[in-house]
Amino acid sequence: MINYLFYALTGCLLGTITGLTPGLHVNTIALIGLSLYPRLPVSPTEFSTAMVGMAVTHTFLDFIPSIYLGVPEEETALTVLPTHQLLLQGRAIEAVKLTAYGSLLGLFFSLLLLIPSLHIIPIAYEGLRSFIVYILFIAVAVLILRERERDKIVHATAIVFLSGSLGLLMFRQKILSTTEVLFPVFVGVYGLSNIIHSLRNKESSMVPQDEYIKVGMDGEMLSSSFLGAIGGILVGILPAMSPSQVGVLMYEAMGSNIRGFILSVSAINTSDAIYSFVSLYTINNPRSGAATMIGKVLEMDYNTLMLLVGVTCVSAFIATILHVKIGKLAVNLVERVDYSRLSVFSMILVLTLVYGFTGFYGLYMALLATSIGLLPILSGVSRTHCMGVLIIPTILYLLKISL
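Counted from 1, the sequence shown has number 391 at position 348 by the working numbering; the numbering is strictly sequential.
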């Protein structure tokens with residue numbers, strides 16, 4: 044068992060690196076690991092243990108860049124706005140603690156639902172897949188109509204279709220892989236546009252951060268995290284659904300409740316990490332990069348699944364400590380920096396990473412996405428409409444419509 048702990052800790056280290064480095068996606072490291080696997084002196088189970096540790100730790104630590112730099116990945120795209128806003132209000136530690144609690148409670152509820160899900164997932168997989176397109180239609184319609192004013196409804200509709208067009212371009216281009224192109228697109232839509240808006244408003248001074256904010260356990264925290272755990276299961280079984288798309292539905296369910304929304308999306312990410320392995324076992328359909336790599340080296344049986352669940356628990360405990368500790372260290376660093384300079388630094392860092400990981404085409408996609416990400420800011424509508432970048436291509440895919 045000591046060897047499994049060693050590989051779990053190795054995975055936690057890799058997940059910390061991927062989580063804190065914008066653009067270095069956990070799927071990229073998983074793919075590199077798979078290519079190196081034949082030359083590594085490790086068993087399939089040991090390799091899988093490292094992949095699980097990495098995937099779980101990543102779901103905790105990838106919120107740090109969203110909170111402090113306003114730089115999201117696909118999974119954290121919708122939370123970058125409320126969590127970064129908490130930073131600007133001097134409540135960054137609250138954002139750190141909420142994302143930690145949400146992820147940890149998402150794990151807890153996922154474990155409670157684990158045994159029933161082994162029987163429910165195969166049934167739900169067949170039963171729900173034919174209805175998902177209608178759920179997406181309803182979600183888009185409700186989000187647009189929530190704007191209420193006629194001009195805003197028109198703007199929101201236009202943004203959904205413009206971002207959807209960007210999504211079609213994103214998935215149909217052949218220069219970058221799907222994993223690679225998601226980084227510049229989401230950085231542009233939710234990251235760079237947010238930074239430019241901050242600079243435009245000349246936000247130069249960082250509000251002093253309250254390092255002693257207490258986040259207590261209450262009914263709202265439990266219910267929001269439970270809802271997120273259910274969302275993670277849906278991501279794990281529904282075809283073409285991602286954490287961000289389920290996040291859109293969560294946004295509608297939570298409305299303006301920022302605290303509940305952050306908790307739910309955090310729970311979705313960690314729950315999805317677990318149920319991607321459960322989906323591999325129950326329906327042979329891995330729903331994450333790490334689960335896909337594990338499926339290529341290991342025949343998943345019940346005992347192996349339980350071992351990986353145990354590794355998940357250990358990794359989540361370590362990741363929670365790392366997340367809170369690193370979050371507190373980041374507060375001390377951010378407070379010493381002029382916010383406008385931090386924004387400029389973030390922009391330069393992001394563009395450098397985009398170029399480093401995806402080249403000039405990635406820069407082009409990031410700038411195009413940024414222009415679309417600025418539209419809801421300038422028109423005064425919700426930036427969740429930009430999730431059309433995933434939802435519109437998904438709807439067309441499910442309807443088997445090719446444009």
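All C-beta atoms, glycine included, are put in the ideal place defined by N, C-alpha and C.
- With fewer than 16 other beta carbons inside 10 angstroms of its own, GLY423 counts as exposed.
- Going by beta carbons, LEU209 and VAL432 fall inside the 8 Å limit.
- By the C-beta density criterion, LYS140 is buried, having at least 16 other C-beta atoms within 10 angstroms.
- ASN346 sits exposed, since fewer than 16 C-beta atoms from the chains shown fall within 10 Å of its C-beta.
- Counting every other CB atom within 10 Å of its CB across the protein chains shown gives TYR318 a total of 16 or more, marking it as buried.
- Restricted to the segment 233-272, not a single beta strand (DSSP E) segment is unbroken, complete and at least 3 residues in length.
- DSSP places ASP344 outside any alpha helix (DSSP H), giving it a letter other than H or E.
- Looking only at HIS68, SER267, LEU441 and MET408, the smallest Cα-Cα distance to LEU212 is reached by MET408.
- Judged by DSSP in its simplified three-state form, ARG193 adopts helix.
- If you check the CB distance, VAL354 and TYR47 come in under 8 Å.
- One thing to note: THR100 has its Cβ within 8 Å of the Cβ of ALA362.
- Of all C-beta pairs linking the segment 197-208 to the segment 405-420, three or more are shorter than 8 Å, placing the two stretches in contact.
- With at least 16 other beta carbons inside 10 angstroms of its own, ASN312 counts as buried.
- According to the DSSP assignment, TYR324 belongs to the alpha helix (DSSP H) that extends over 301-325.
- With fewer than 16 other Cβ atoms from the protein chains shown falling within 10 Å of its own Cβ, LEU155 counts as exposed.
- The Cβ atoms of THR142 and SER268 do not sit closer than 8 Å to each other.
- Each residue's CA atom was taken as its position, placing LEU351 and ILE75 some 20 Å apart.
- Within the same chain, ILE415, LEU418, PRO419, SER422, VAL424, HIS428, CYS429 and GLY431 come within 8 Å of ILE202 by CB-CB distance, once the 5 residues on both sides are set aside.
- Taking C-alpha positions only, GLY262 is separated from ILE276 by approximately 21 Å.
- When the beta-carbon positions are compared, LEU385 and VAL377 come within less than 8 Å of each other.
- Between LEU442 and VAL185, the gap from beta carbon to beta carbon reaches 8 Å or more.
- Residue environment: VAL387 is assigned as exposed (fewer than 16 neighbouring CB atoms within 10 Å of its CB, all protein chains considered).
- The Cβ atoms of LEU179 and ILE444 do not sit closer than 8 Å to each other.
- In its chain, beyond the 5 residues on either side, GLN252, ASP253 and ILE256 have a beta carbon closer than 8 Å to the beta carbon of ARG134.
- Excluding sequence positions up to five before and after GLY58, its CB lies within less than 6 Å of the CB of MET97, THR100 and HIS101, all in the same chain and listed in chain order.
- In the structure shown, MET44 adopts coil according to DSSP, grouped into three states.
- One thing to note: GLY149 has its Cβ no nearer than 8 Å to the Cβ of GLY338.
- In this model, ILE163 and ASP344 are separated by some 17 Å (Cα to Cα).
- Counting along the chain, THR71 sits inside the alpha helix (DSSP H) bounded by residues 69-79.
- In the DSSP assignment, VAL228 falls within the alpha helix (DSSP H) that extends over 221-229.
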